[in-house]
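**Q** Mind looking over this structure? Questions follow.
There are 2 protein chains.
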Amino acid sequence: MSEPQIRQATLRDVADLAGVSYQTVWRVVNDRPHVAPETRERVLMAVRKLDYRPHRAAQMLTTGRSYILQLVIFEYGYGDPLPAVLHWAREYGYTMVVTELKDPTSPESVRAVLRETARMIDGLLMVMPYPHLSYEALTQLCRGRPFVVVNTKLGSRMPSVVFDQWNGGRQAAEHLLNMGHRQIAEICGPLENFDAQVRDRAWRAVLVEHGLEPGPRVVGDYEVCSGYTGAQKLLQTQQPFTAILSGNDLMALGAIRALREAGLRVPEDVSIVGFDDIAEAAYFDPPLTTVRQDFDVLGKASVDYLAALIEHQEIAVQQRVLYPELIVRKSVQRLETPGKEVGQAQET
Amino acid sequence: MSEPQIRQATLRDVADLAGVSYQTVWRVVNDRPHVAPETRERVLMAVRKLDYRPHRAAQMLTTGRSYILQLVIFEYGYGDPLPAVLHWAREYGYTMVVTELKDPTSPESVRAVLRETARMIDGLLMVMPYPHLSYEALTQLCRGRPFVVVNTKLGSRMPSVVFDQWNGGRQAAEHLLNMGHRQIAEICGPLENFDAQVRDRAWRAVLVEHGLEPGPRVVGDYEVCSGYTGAQKLLQTQQPFTAILSGNDLMALGAIRALREAGLRVPEDVSIVGFDDIAEAAYFDPPLTTVRQDFDVLGKASVDYLAALIEHQEIAVQQRVLYPELIVRKSVQRLETPGKEVGQAQET
DNA sequence: CCTCGGGATGTGACGGGTCACAATCAACCG
DNA sequence: CGGTTGATTGTGACCCGTCACATCCCGAGG
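Structure below.
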């Protein structure tokens with residue numbers, strides 16, 4: 414039933430049909446000058462008739478450019494930049510190869526992923542929440558191909574686009590302080606992830622700056638389930654808290670559920686702040702106050718940067734920083750004993 | 414700063430270093446016989462030293478095989494098969510190109526997407542909840558390259574892997590009947606999507622079979638928000654209902670929120686059944702009873718099928734059918750006036 | 001001693017674009 | 001009317017693996 418692999422027309426085929434040389438066809442197809450109008454017309458006719466399309470492998474071979482980018486992700490988050498990357502890559506004329514990376518901590522596994530696409534791609538986008546590889550290591554692994562690291566540590570000296578997690582973490586903590594909370598617990602993300610780490614430190618720093626003791630903390634893994642068990646563990650500690658900072662929205666969802674099962678109301682008894690602002694967050698019960706990371710912007714900025722590196726590689730290594738934004742909804746209760754207002758996170 | 418595009422070693426480079434011909438190197442690299450052990454050793458040394466990797470574009474050009482597959486998606490759902498496809502494609506030695514398709518209804522836009530990867534890929538995986546293109550149209554568009562359609566209409570005569578949406582819709586409706594519900598409303602998905610259509614018809618069919626009137630129905634778009642407004646609209650109709658069938662889990666989430674805001678309890682006042690079983694569904698409040706579609710299985714089955722088509726293309730056109738599974742949680746209340754038990758959806 | 005078989009190794013053409021350069025031809029100038 | 005200019009068109013080498021085929025060498029058999 415399946416068609417017998419149709420033989421595709423080549424430049425020569427078109428040339429024969431149009432009665433010119435393949436070079437002339439090439440000029441027409443690539444919009445070069447020095448072709449007489451009537452010749453051009455004749456060639457275009459032949460191109461349409463044979464439905465000629467350039468063979469990208471052949472182009473790749475001669476020009477060394479493939480117009481293919483590779484996106485390396487090692488986790489499917491809810492807010493990952495994939496959709497935006499796909500969109501903007503296409504907009505810029507690139508095709509995206511997407512690869513998953515099982516173990517981002519080992520250079521070996523990174524090497525394996527890169528080997529598969531050796532000499533086939535123009536550049537790499539790596540989503541690397543684990544800062545295990547240095548700029549030098551990555552440069553070596555990529556063998557001179559330009560790359561941009563997405564969502565890595567703020568301050569890393571490598572071509573990258575990142576959210577300022579410190580700022581985001583502070584915004585969340587300061588919001589709770591401003592709403593009168595003084596006993597703040599935390600369900601943080603997996604501490605191997607630098608972003609979880611930074612948010613955790615930001616939370617702690619804000620409290621210390623205001624002379625407060627950090628409340629109890631549990632470590633989750635960014636999945637709903639770990640928010641659920643995390644909140645249960647927090648309750649078991651017997652340490653009092655009036656609010657929870659959650660490492661992301663999903664864990665916040667799990668936590669809300671656990672609190673409710675324990676007979677607590679959200680936000681009347683316990684307030685909660687999430688992180689990410691996934692699409693559902695506004696429809697949680699209660700609607701979740703959270704810190705938005707705009708992954709569309711992240712994706713576009715990353716492709717932008719990579720495309721620029723590929724086209725004129727003289728750009729100096731830099732880090733492009735995006736700022737998260739506090740989205741206030743209904744999961745935080747203002748407490749009656751208001752303290753003084755707490756300083757803003759630095760301006761975006 | 415950026416490295417000056419390192420020149421990659423070729424077969425000839427390795428041959429020179431090892432003092433043999435490029436043909437011998439080729440034999441070593443491709444594990445062919447007729448190479449003396451000590452020669453092989455010497456070549457391998459040179460390969461390692463130069464870190465030689467075959468140029469995939471050149472291989473593509475000569476063999477006509479690229480070991481690249483293309484996944485065409487036109488929507489980022491929560492349960493899309495992307496992760497599984499990525500995983501299994503890699504497992505089978507394929508690299509995945511992922512493309513988004515903005516307007517799946519127009520052959521022109523499909524053509525544009527396929528043109529970009531013309532002659533570069535071994536096969537296509539198309540996620541096509543809109544059954545707008547016939548087998549013949551697709552065959553033509555793909556120009557003889559094998560393709561598998563994912564999640565299309567049950568019964569379409571084309572190579573495809575699908576869930577039996579009819580069966581899933583029936584399971585959801587029958588569950589509500591079994592739990593004693595007789596007035597069942599629906600928030601269905603966008604009716605351009607065949608899956609939404611089929612589930613809607615299944616719901617209606619089950620009710621009619623049991624001599625019941627379908628309750629009120631509103632149409633959503635699979636986003637949380639439309640579930641929220643949808644439930645509000647259902648309440649405004651003034652038609653009574655004790656349960657809602659939702660086209661997916663996300664809309665169910667929105668609906669639950671709207672019901673609660675209207676002063677109704679879930680499931681005590683209104684029961685609800687979702688569709689998909691996304692990861693968060695178990696942590697909704699209440700935990701959502703839903704119909705699971707296992708997208709991991711879907712992804713694997715699709716890649717399986719496509720790989721088989723590519724390797725021995727004599728496989729007859731067929732449709733591989735997967736069955737959804739009812740997951741009972743807490744969002745459906747058993748009503749006091751139990752009717753007789755309602756028949757099973759046909760066996761999986 | 002010559003031939004034959006078979007492993008080891010090398011040669012050359014090819015795939016389909018790309019590009020530097022050569023060839024052709026008309027018009028235009030002095 | 002030869003020489004120059006410039007647009008038009010064509011030629012051939014190249015990119016890097018792949019594969020069919022040729023060559024070389026050694027030992028075995030007649």
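Protein chains in written order, with this note's numbering: chain P, 414 to 761; chain W, 414 to 761. Here a beta-carbon is modelled for each residue, glycine too, at the ideal position from N, C-alpha and C.
#1: Would you identify the three-state DSSP class for W/K753, choosing helix, strand or coil?
#2: Helix, strand or coil: which one does DSSP assign to W/D426?
#3: Note down, in chain order, each residue of its chain lying with its Cβ closer than 6 Å to the Cβ of W/K743, except the 5 sequence neighbours on either side.
#4: Please report the Cβ distance between W/L495 and W/I481, rounded to the nearest whole angstrom; I am assuming they are in contact, meaning their Cβ atoms lie under 8 Å.
#5: Determine the contact status of W/E599 and W/D613, defining contact as a CB-CB distance below 9 Å.
#6: With DSSP run on the structure shown, which of helix, strand or coil describes P/S415?
#7: Return the residues of the segment 507-539 of chain P that lie within a Cβ-Cβ distance of less than 8 Å from chain W, sorted by chain order.
#8: For P/D613, which beta-bridge partners are listed by DSSP?
#9: Please check if any C-beta of chain W sits within less than 9 Å of the C-beta of P/I481.
#10: Quick one: does W/H468 have its CB under 9 Å from some CB of chain P?
#11: Straight-line CA distance for W/L620 to W/M592?
#12: If you pair each beta-carbon of the segment 497-517 of chain W with each one of the segment 568-575 of chain W, do three or more pairs fall below 8 Å?
#13: Does DSSP put P/R673 in a helix, a strand or coil?
#14: Taking C-beta pairs closer than 8 Å, name the residues in chain W that P/V637 reaches, listed in chain order.
#15: Specify the secondary structure class of W/G643 as computed by DSSP and reduced to three states.
#16: Given that P/M473 touches chain W, what residues does it touch there, using C-beta distances under 7 Å?
#17: Mark W/M473 as exposed unless 16 or more other C-beta atoms lie within 10 angstroms of its C-beta, in which case mark it buried.
#18: Give the residues from the segment 616-646 of chain W that approach chain P closer than 9 Å (Cβ to any Cβ), ordered along the chain.
#19: For chain P, find out if any of its Cβ atoms is closer than 9 Å to the Cβ of W/S744; answer yes or no.
#20: Short check: CB of W/A471 to CB of P/A470, under 9 Å?
#21: From the DSSP output, in three-state form, read off P/I534 for me.
#22: Might you give, ordered along the chain, the residues of its own chain that have their beta carbon closer than 6 Å to the beta carbon of W/I740, omitting 5 neighbours on each side?
#23: Does the beta carbon of P/P496 sit closer than 9 Å to a beta carbon anywhere in chain W?
#24: Which residue's Cα is closest to the Cα of P/M541: P/G633, P/F576, P/W439, P/R556?
#25: So, under 8 Å CB-CB, W/A769 and W/L658 are touching, yes? Tell me the CB distance rounded to an integer number of Å.
#26: Excluding the five sequence neighbours on either side, which residues of its own chain have a C-beta within less than 6 Å of the C-beta of W/R670, listed in chain order?
#27: Does DSSP classify W/L748 as helix, strand or coil?
#28: Does P/D608 have its Cβ less than 9 Å from a Cβ in chain W?
#29: Note down, one range per segment and in chain order, each beta strand (DSSP E) of at least 3 residues found wholly within the segment 658-703 of chain P.
#30: Using 9 Å as the threshold, is the C-beta distance between W/R583 and W/A609 below it?
#31: If I follow the unbroken beta strand (DSSP E) through P/A511, where does it start and stop?
#32: To be precise: take each residue of the segment 673-691 of chain W, compare its Cβ to all Cβ atoms of chain P, and keep it if any distance is under 8 Å. Which residues remain?
#33: Just to make sure I have the definition right: I need the residues of chain P whose C-beta is within less than 7 Å of the C-beta of W/G667. Which are they?
#34: Three Cβ pairs or more, each shorter than 8 Å: is that satisfied between the segment 495-507 of chain P and the segment 553-571 of chain W?
#35: On the DSSP bridge assignment, give the partners of P/M539 in chain order.
#36: W/E504 lies in the alpha helix (DSSP H); which residues open and close that run?
**A** In brief:
#1: Model confidence at W/K753 stands at a pLDDT of 46, short of 50, so the residue's coordinates are unreliable; what they give is reported in the following sentence. DSSP places W/K753 in coil when its eight states are reduced to three.
#2: DSSP places W/D426 in helix when its eight states are reduced to three.
#3: Only P699, P700 meet the Cβ criterion.
#4: About 16 Å; that fails the 8 Å criterion.
#5: Yes, the Cβ-Cβ distance between W/E599 and W/D613 is below 9 Å.
#6: With a pLDDT of 37 at P/S415, under the threshold of 50, the modelled position of that residue is not reliable, and the figure given next carries that caveat. If DSSP states are grouped into helix, strand and coil, P/S415 belongs with coil.
#7: If the cut-off is 8 Å between Cβ atoms, the segment 507-539 of chain P has T508, M509, V510, V511, T512, E513, R528, E529, T530, A531, R532, M533 near chain W.
#8: Bridge partners of P/D613: none, in fact.
#9: True, the Cβ-Cβ gap to chain W drops below 9 Å.
#10: Answer yes: the Cβ-Cβ gap between W/H468 and chain P drops below 9 Å somewhere.
#11: Roughly 14 Å between the two C-alpha positions.
#12: Because the criterion of three Cβ pairs below 8 Å is not met, the segment 497-517 of chain W and the segment 568-575 of chain W do not touch.
#13: Under the three-state reduction of DSSP, P/R673 is assigned to helix.
#14: What P/V637 touches in chain W: A692, E693, A695, Y696.
#15: Residue state for W/G643 is assigned as helix, using DSSP reduced to three classes.
#16: The answer, in chain order, is A470.
#17: Around the Cβ of W/M473, a 10 Å sphere holds 16 or more other Cβ atoms; the residue is buried.
#18: Cβ contacts with chain P: E636, V637, C638, G640, Y641.
#19: Output row for W/S744: interface = no.
#20: Their beta carbons are under 9 Å apart, which means W/A471 touches P/A470 by this criterion.
#21: It is coil, neither helix nor strand.
#22: Answer for W/I740: D690, T703, R705, listed in chain order.
#23: Taking Cβ atoms only, chain W reaches closer than 9 Å to P/P496, which makes this a yes.
#24: Ranked by Cα distance from P/M541, the options P/G633, P/F576, P/W439, P/R556 are led by P/F576.
#25: An answer regarding residue 769 of chain W cannot be provided, because it is not within the stretch 414 to 761 covered by chain W.
#26: Sequence-distant partners of W/R670 (beyond 5 residues in either direction) whose C-beta falls short of 6 Å from its own C-beta, in its chain, are Y641.
#27: In this structure, W/L748 counts as coil in the three-state DSSP scheme.
#28: Interface residue (Cβ-Cβ distance to chain W less than 9 Å): P/D608 is not classified as such.
#29: Runs of the beta strand (DSSP E) lying entirely within the segment 658-703 of chain P and spanning at least 3 residues, in chain order: 684-686.
#30: Judged by beta-carbon spacing, W/A609 lies beyond the 9 Å limit of W/R583, meaning their Cβ atoms are not closer than that value.
#31: With the sequence shown as reference, residue 511 of chain P is identified as Val, and Ala is not the correct amino acid for it. Run containing P/V511: 508-513, per the beta strand (DSSP E) assignment.
#32: If the cut-off is 8 Å between Cβ atoms, the segment 673-691 of chain W has R673 near chain P.
#33: Chain P residues near W/G667: Y696.
#34: Using a C-beta cut-off of 8 Å, the segment 495-507 of chain P makes no contact with the segment 553-571 of chain W, since fewer than three inter-stretch Cβ pairs fall below that distance.
#35: P/M539 pairs with P/V485, P/V562.
#36: 495-504 is the extent of the alpha helix (DSSP H) around W/E504.
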